[in-house]
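**Student:**
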Amino acid sequence: MLNIGFLVLLLVLTFWLVFRDQDLGPILAILGKVPIHFIIIGLILVVCYVCGESVIIKYLLHAVKIKAPLINCIRYSFVGFFFSCITPSATGGQPAQIFYMQRQKIDIPTASIILMLVTIEYKFVLVFIGLALALFGQPLVQTLT
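Residues in the sequence shown are numbered consecutively from 0, following numbering that gives the first Met the number 0.
(1) Less than 8 Å between the C-beta atoms of Ser88 and Val49, yes or no?
(2) Of the residues Phe14, Lys104, Phe127, Asn2, which one's Cα is nearest the Cα of Leu60?
(3) Please state the DSSP three-state secondary structure of Thr142.
(4) Under 8 Å, do Thr109 and Ile65 count as touching if we go by C-beta distance?
(5) Got a sec, what are the start and stop residues for the alpha helix (DSSP H) Lys122 sits in?
(6) Compute the distance between the beta-carbons of Phe82 and Ala95, then report whether it is under 8 Å.
(7) Output the boundary residues of the alpha helix (DSSP H) element that contains Gly92.
This is the structure we're talking about:
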């Protein structure tokens, strides 16, 4: 229960620090015009993205003979997502993940390699999707522009 309270406090503090000098009126006005189902779909897709990364982390940990429950892998992914969101140039996610994994008795070199492989796989998929769109998606791209 103390952990949940700490996370809520951290979330509130983060929002306050990020938005304290901002005029939220225009942002809230735009958000008010967005259909709620788009916001819900967006949140669901964010959770799917983070959970997808956690499955990859679990698979890679299993490949190096480290048993980690899926819930821990989901935590690693959410830690990385959170710290990537609040640090400049999204540079804080992986160090925070390594720190959290080290607290769970996963040594730092192994955690570093696992996260490096996750990043390489992510970049590979981005390049693959980009190439697929360039080669086969011209009608789709032209329709959307």
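Positions of the beta carbon are idealized from the N, C-alpha and C atoms, including for glycine.
**Tutor:** According to the data block:
(1) Along the sequence shown, read from residue 1 onward, the residue named residue 88 stands at position 89. Along the sequence shown, read from residue 1 onward, the residue named residue 49 stands at position 50. Taking 8 Å as the Cβ cut-off, Ser88 and Val49 do not qualify as a contacting pair.
(2) Taking the sequence shown and counting its residues from 1, one reaches residue 60 at position 61. Residue Lys104 is the option with its Cα nearest to Leu60.
(3) Working through the sequence shown from its first residue, we reach residue 142 at position 143. It is helical.
(4) Within the sequence shown, residue 109 is the residue found at index 110, counting from 1. Within the sequence shown, residue 65 is the residue found at index 66, counting from 1. Yes, they are a contact pair.
(5) Start at 1 with the first residue of the sequence shown, and residue 122 comes out as number 123. Run containing Lys122: 107-135, per the alpha helix (DSSP H) assignment.
(6) Counted from its first residue, the sequence shown places residue 82 at position 83. Counted from its first residue, the sequence shown places residue 95 at position 96. Against a cut-off of 8 Å, the Cβ pair of Ala95 and Phe82 comes out as a contact.
(7) The residue labelled residue 92 in the question sits at position 93 within the sequence shown. Element bounds for Gly92: 92-102.
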